[in-house]
Amino acid sequence: MKQTKKDEVRRLLQKSYNYKTILTGTVTGKKKVGDKTYGVVLYQGTRCLMPPEEVDLSTESINDPIGALLGATIEFVVTDIQKDNVFISRKIAKQLRRIEFENNVKEGQIINGRVIGVSPKNVYVDAFGYEFGLTAKDVDYKWIHDMRERFKVGDSVKAKVISKNPPQISIKEAAMTPWDKDPDRYKVGEQYVGKVVAVANLGIFIDLIEDGRQVLCPPMGLKTPVIGSTVVVLIKDIDKQQKKMWGDIVRVISEPRI
449 MKQTKKDEVR
459 RLLQKSYNYK
469 TILTGTVTGK
479 KKVGDKTYGV
489 VLYQGTRCLM
499 PPEEVDLSTE
509 SINDPIGALL
519 GATIEFVVTD
529 IQKDNVFISR
539 KIAKQLRRIE
549 FENNVKEGQI
559 INGRVIGVSP
569 KNVYVDAFGY
579 EFGLTAKDVD
589 YKWIHDMRER
599 FKVGDSVKAK
609 VISKNPPQIS
619 IKEAAMTPWD
629 KDPDRYKVGE
639 QYVGKVVAVA
649 NLGIFIDLIE
659 DGRQVLCPPM
669 GLKTPVIGST
679 VVVLIKDIDK
689 QQKKMWGDIV
699 RVISEPRI
């Protein structure tokens, strides 16, 4: 008898139930059964139910863990198969991944993760059973105004394992940057053309035209050029290890049209 797609999905769900194999699905909604609200996780067209106690979000301040995961891709293990419902656990999948992390992953290794939440200042990444709340300093060497402009729930990301105990990762350490290719390209005392990309309390952030490396310049009060302006920057200091540069704006070449 020819096996249908539905039969194959059922076989994989049964395999997860029997052998604790980890599957991946998307949290698509909520469903109330009796007095309990379950998360609905779609797996290859099959709706699975995740009890709230099996969500296991490490952030204790979240009052609605199922709601917080809506739209996210998660890993799970099947815990029960009934005639009408398949019940799953993210909690067990996380426990299994943590064992794998402890036994097989090394510090310095590049791993894959999934974005399960984004706020203006943080991106939350699920990797090997851990949830990492990353700030701008963990994501890029450049200024990030709002994490929501860079990430969305469901994105796949690569990160470098900085520490195993406690678990710590860095997205920026996993990415190749112009600093890695040519660390000596710019010199203190020289001038370069760049564009203003952000104005903050720290100062004015300018991306150099040549390769996008960023320079932080001090605030200029009323003379501060607007975002999008093309300027000439004098390099005052360079930290190759931290991949940062500081300078002064010496001239505004042009400003964007309003």
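Those letters in the sequence shown? Residues 449 to 706, by my numbering.
Glycine residues also receive a C-beta, built at the ideal position from the N, C-alpha and C atoms.
On a predicted model such as this, the values are computed, not experimentally measured, just so you know.
Where F549 is concerned, the enclosing alpha helix (DSSP H) starts and stops at R538 to N552. In the structure shown, D659 adopts coil according to DSSP, grouped into three states. Around the beta carbon of A575, 16 or more other beta carbons lie within 10 angstroms, which makes this residue buried.
Three or more beta-carbon pairs drawn from the region 626 to 643 and the region 653 to 664 are found closer than 8 Å, and the two stretches are therefore classed as touching. Taking C-beta atoms under 8 Å as the contact rule, I697 and I652 qualify, at a distance of about 7 Å.
Note that the C-beta distance between G642 and V681 is below 8 Å.
Residue pairing by DSSP puts Q639 in a beta bridge opposite L682.
Per DSSP, reduced to three states, the secondary structure at Y467 is helical. In terms of CA proximity to F524, G487 leads the group G487, Q530 and N552. Here K478 carries a strand assignment [DSSP, helix/strand/coil]. Residue state for L670 is assigned as helix, using DSSP reduced to three classes. Counted as a single uninterrupted DSSP element, the beta strand (DSSP E) harbouring K484 occupies residues K484 to Y491.
For I514, the enclosing alpha helix (DSSP H) begins and ends at P513 to A516. Under DSSP, F524 shares a beta bridge with L471. Secondary structure at R562: strand, using DSSP grouped into helix, strand and coil.
The beta carbon of Q530 sits closer than 7 Å to no other beta carbon from its chain once the five residues preceding and following it are set aside. Per DSSP, the beta-bridge partners of P615 are K612. With a cutoff of 8 Å on beta-carbon distance, K484 and P500 are scored as near each other. Proximity to Q639 across V605, W694 and F549 peaks at W694, based on C-alpha coordinates. By the beta-carbon neighbour count (other beta carbons within 10 angstroms, threshold 16), P667 is exposed.
The Cβ atoms of G602 and A520 lie closer than 8 Å to each other.
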